[in-house]
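Chemist: Can you read through this structure? Questions will come right after.
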Amino acid sequence: MYLCYVDESGTSDLPGNTSHFVLAGIAMPIWHWKDADREVETVLKRYDLHEEELHTAWLVRRYVEQGKIENFEALDRVSRRSAVERYRVGELLRLQKKGDSKAYKQAKKNYKHTAAYVHLTEAERVKVVEEIASVVSNWGFARLFAECIDKTHFDQAKARRTVDEQAFEQVISRFEKYLSRTPQLDGRQNFGIVVHDNNDTTARKHTTLMRRFHTEGTLWTDVDHIIETPMFVDSRLTRMVQVADLCSYALRRFVENSETTLFRKIFARADRVGARAVGARHFTALSCACEICESHRIKV
Ligand SMILES: [Zn+2]
């Protein structure tokens with residue numbers, strides 16, 4: 009039995025504010041789950057993040073106030089936190105006084121999403137994400153399934169499905185194919201279940217799609233090995249969905265900005281048949297020669 013944790017990066021809206029939409033699933037046999045979870049927690053503990061959500065995009069961004077606090081990096085974690093918190097209170101008061109409600113709201117949102125991480129320097133925050141990507145990279149038992157859609161190349165009328173639907177259909181098809189060629193050790197058929205972050209719009213859409221796949225199959229395959237509709241969980245509480253978030257972030261930063269550090273660690277887990285990375289696809293111009301496209305093209 010496999011669990012496939014799924015999360016997305018970028019927006020599926022057209023055009024939206026990102027050029028790509030990425031849906032990624034990281035699948036593992038249930039008997040490896042506990043060890044995998046423990047390994048991630050061990051890294052997070054070193055950074056005092058084990059009780060916090062791992063949200064990659066918020067972790068790795070620049071927090072401007074950290075640069076404004078004198079000798080920030082030399083302070084210990086407790087002092088860094090209190091210095092940032094003091095600075096942020098002052099900044100919110102300043103924006104309120106100024107009557108700039110847009111900037112005030114934006115600052116409040118940023119502060120809320122990054123509050124758990126302010127005791128770490130930018131270098132440490134980048135490092136913790138890299139360390140977790142390295143942990144994932146070494147999970148020989150895990151497989152990555154992903155669809156990275158270049159929205160500038162996507163024709164909804166031709167595809168006859170939305171960006172979001174295509175991405176979900178592709179990830180499900182690839183997970184299904186992996187399960188169908190990977191029997192259990194005793195030869196019995198393997199099964200999988202999809203675990204997804206619970207947000208209202210996706211939950212409804214993906215549940216409906218999954219029901220359809222069960223009766224009609226996807227464009228690519230019948231679905232016989234994935235059971236039920238996706239299980240929706242609170243991503244703030246489910247570490248492996250946060251790991252899927254890291255995977256989709258790493259893929260998007262690669263296809264949009266050619267950032268390779270996180271990508272190569274994550275891509276090492278892409279499902280492969282021979283040398284061909286069948287588990288991940290970059291949906292873009294045929295001429296694309298990126299690592300995903302190149303290794304998706306290799307003949308099996
Ligand atoms: Zn490509």
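Whatever position you read off the sequence shown (first residue = 1), add 8 for the numbering used here. No residue lacks a Cβ here, since even glycine has one placed at the ideal position from N, Cα and C.
Check the C-beta distance from Gly-33 over to Tyr-10 and give it rounded, since I have them as a contact under 8 Å.
Modeler: Actually they do not touch by this definition, with Cβ atoms about 10 Å apart.
Chemist: Have a look at Ala-167 and Lys-185 and give me their C-alpha separation to the nearest angstrom.
Modeler: 21 Å
Chemist: Nearer than 7 Å: is that true of the beta carbon of His-127 relative to any heavy atom of ligand 1?
Modeler: no
Chemist: Using only the alpha-carbon positions, how far apart do Cys-298 and His-161 sit?
Modeler: 15 Å
Chemist: Taking the CB atoms as reference points, tell me whether Glu-132 and Tyr-55 lie closer together than 8 Å.
Modeler: yes
Chemist: Going along the chain, which residues of its own chain have a beta-carbon closer than 6 Å to the beta-carbon of Pro-23, five neighbours each way excluded?
Modeler: none
Chemist: Could you name the residues that DSSP lists as bridge partners for Glu-155?
Modeler: DSSP lists Leu-31 and Arg-289 as partners of Glu-155.
Chemist: Using 8 Å for Cβ pairs, my map puts Ser-181 next to Thr-226. What's the rounded Cβ distance?
Modeler: With 8 Å as the limit, Ser-181 and Thr-226 qualify as a contact, their Cβ atoms being about 5 Å apart.
Chemist: Mapping DSSP to helix, strand and coil, what is Tyr-257?
Modeler: Judged by DSSP in its simplified three-state form, Tyr-257 adopts helix.
Chemist: Per DSSP, what are the beta-bridge partners of Arg-201 in this structure?
Modeler: The sequence shown places Ile at residue 201, rather than the Arg named in the question. Per DSSP, Leu-11.
Chemist: Which word fits Leu-193, buried or exposed, when buried means at least 16 other C-beta atoms lie within 10 angstroms of its C-beta?
Modeler: exposed
Chemist: Where do the N-terminal and C-terminal ends of the alpha helix (DSSP H) with Val-241 fall, by residue?
Modeler: First-last for Val-241: 239-241, but that is the beta strand (DSSP E), not the alpha helix (DSSP H).
Chemist: Mapping the DSSP letters down to three states, classify Glu-16 as helix, strand or coil.
Modeler: strand
Chemist: For Ile-38, which of helix, strand or coil comes out of DSSP?
Modeler: In this structure, DSSP gives Ile-38 a helical state, which the three-state scheme calls helix.
Chemist: For Lys-213 versus Asp-163, is the C-beta distance shorter than 8 Å?
Modeler: No. Outside cutoff.
Chemist: Considering only the beta carbon of each residue, do His-127 and Arg-88 sit closer than 8 Å?
Modeler: Taking 8 Å as the Cβ cut-off, His-127 and Arg-88 qualify as a contacting pair.
Chemist: Can you tell me which residues form a DSSP beta bridge with Ile-1?
Modeler: For the chain, the structure presents residues 9 to 308; residue 1 sits outside this window and is missing.
Chemist: Could you check if Leu-294 is buried or exposed, using at least 16 other CB atoms within 10 Å of its CB as the buried criterion?
Modeler: exposed
Chemist: Along the alpha helix (DSSP H) that carries Val-308, what are the first and last residues, could you check?
Modeler: Counting along the chain, Val-308 falls outside any alpha helix (DSSP H), and DSSP gives it neither H nor E.
Chemist: With Ser-295 as the anchor, note down where its alpha helix (DSSP H) starts and where it stops.
Modeler: Element bounds for Ser-295: n/a, residue is neither H nor E.
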